[in-house]
Amino acid sequence: MSGIDAAGAAAACATARPGSGLTGYTAAADRLGLRYEGEGLFFDLGDNGVMQVELVAPATAMPFARSLIDSWADPR
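With our numbering applied, the sequence shown corresponds to residues 117 to 192, in that order.
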């Protein structure tokens, strides 16, 4: 194991993602005059390390994109 866990990886990325506990993060940037937002989650895979799921979308599309990442976080 590399010593990296989901919470540590998320903390190193950016601001905490609301509602994701310690394993999610958010980020935003302006590119070519358009605002983009990103959200991601890390999942602990035990001895297999950590898996990252991330999406980036224009800010205007983020409500829809957020629903996708929420379904990845809780597939029930």
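Here a beta-carbon is modelled for each residue, glycine too, at the ideal position from N, C-alpha and C. Keep in mind it's a predicted model, so treat the numbers as computed, not measured.
**Prompt:** Which residues in the same chain as Ala181 place their Cβ atom closer than 7 Å to its Cβ, once the five residues preceding and following it in sequence are excluded?
**Reply:** Leu171 and Ala173
**Message:** Cutting at 7 Å between CB atoms, please list the residues of its own chain near Leu150, excluding the five before and the five after it.
**Reply:** For Leu150, same chain residues with a beta-carbon under 7 Å away, outside a window of 5 residues either side, are Pro174 in chain order.
**Prompt:** By Cβ distance, which residues of its chain are closer than 8 Å to Ile120, with the 5 residues on each side in sequence left out?
**Reply:** Gly165 and Val166
**Message:** Please report the straight-line C-alpha distance between Thr200 and Ala125, rounded to a whole angstrom.
**Reply:** Lying outside 117 to 192, the shown extent of the chain, residue 200 is not represented and no answer is given.
**Prompt:** How big is the Cα-Cα spacing for Tyr141 and Gly162?
**Reply:** 20 Å
**Item:** Rounded C-alpha distance that separates Gly147 from Glu153
**Value:** A small correction: the amino acid at residue 147 is Arg; Gly does not occupy that position in the sequence shown. If I take the Cα positions, the gap works out to 11 Å.
**Prompt:** How far does the beta strand (DSSP E) with Ala144 in it reach, from first residue to last?
**Reply:** Gly140 to Arg147
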